[in-house]
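Heads up, the thing below is written out as structure tokens.
Residue numbers (this note's numbering): 16 to 178.
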């Protein structure tokens, strides 16, 4: 689907996408949240597996502007009834334009069409804008665990939504 200003959102994975999505996560989370280098493998390993083994009830949306990857989100199958929302990220230049909301809307609509009964996501408590977005769709925090990961102390949160 095309948007204004040279922005497209596509579901076809191209060479370089996996690396660039990993890079974008690593760079932006380091700059914005103080995450260390261990965050990149957390993104890269499951993302690579997803790309290699993507099933018909899974999809990734890649945000591109003028040929550069600028964001993503994915629906990943966890069981027949449950999916996970993963890798939601937008470059700061594309934030506050409704693109993140559009990505989640499309992901949830896809998950419903695929017949999932619920979807969850894992995040951390230091991302209040993302939390507000998730809550606006009806996601609720169902678990919280204080932890040290990616070079800092924080609380990991699980959000869930019945579809």
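Just so you know, even glycine gets a beta-carbon here, dropped at the ideal spot from N, CA and C.
Beta-carbon contacts of residue i that lie in its chain and below 8 Å, excluding the five residues immediately before and after
| i | result |
| --- | --- |
| residue 40 | 54, 55, 58, 102 and 104 |
| residue 74 | 26, 89, 90, 122 and 125 |
| residue 157 | 135, 173, 174 and 175 |
| residue 49 | 166 and 167 |
Beta strand (DSSP E) segment containing residue i, residue limits
| i | result |
| --- | --- |
| residue 86 | 83-92 |
| residue 114 | From DSSP, residue 114 is part of no beta strand (DSSP E) but of the alpha helix (DSSP H) over 114-128. |
| residue 60 | Residue 60 -> not in any beta strand (DSSP E); alpha helix (DSSP H) instead, spanning 54-68. |
| residue 76 | 74-80 |
| residue 101 | 97-105 |
| residue 167 | 167-177 |
| residue 110 | From DSSP, residue 110 is part of no beta strand (DSSP E); its letter is neither H nor E. |
Given residue i as reference, the closest of the options once Cα atoms are compared
| i | options | result |
| --- | --- | --- |
| residue 99 | 138, 37, 29 and 21 | 138 |
| residue 37 | 110, 61 and 157 | 61 |
| residue 132 | 24, 46 and 95 | 95 |
| residue 150 | 167, 173 and 164 | 173 |
| residue 32 | 44, 65, 20 and 45 | 65 |
| residue 24 | 164, 113, 155 and 168 | 113 |
| residue 134 | 111, 168, 155 and 50 | 155 |
| residue 84 | 161, 21 and 163 | 21 |
| residue 43 | 130, 147, 86 and 146 | 86 |
| residue 129 | 51, 178, 46 and 110 | 178 |
| residue 147 | 162, 116, 169 and 127 | 116 |
| residue 67 | 29, 118, 111 and 107 | 29 |
Cutoff 7 Å; reference residue i; Cβ partners in own chain excluding five residues on either side
| i | result |
| --- | --- |
| residue 153 | 176 |
| residue 92 | 70, 72, 73 and 98 |
Opening and closing residue of the alpha helix (DSSP H) in which residue i lies
| i | result |
| --- | --- |
| residue 33 | 32-48 |
| residue 29 | Residue 29 -> no alpha helix (DSSP H), and no H or E assigned at all. |
| residue 148 | 143-151 |
Contact set for residue i: own chain, Cβ-Cβ below 6 Å, skip 5 residues either direction
| i | result |
| --- | --- |
| residue 18 | Residue placement at residue 18 cannot be trusted, given a pLDDT of 44 that sits under 50; what the coordinates show is reported in the next sentence. Nothing meets the Cβ criterion. |
| residue 160 | 171 |
| residue 51 | 165 and 166 |
| residue 162 | 171 |
* Three or more beta-carbon pairs under 8 Å between the stretch 97-109 and the stretch 119-127, yes or no? -> Yes: the two stretches touch, three or more of their Cβ pairs being nearer than 8 Å.
* Would you say the stretch 134-143 touches the stretch 76-83, given that touching needs at least three Cβ pairs under 8 Å? -> With the rule of 3 Cβ pairs closer than 8 Å, the stretch 134-143 does not count as touching the stretch 76-83.
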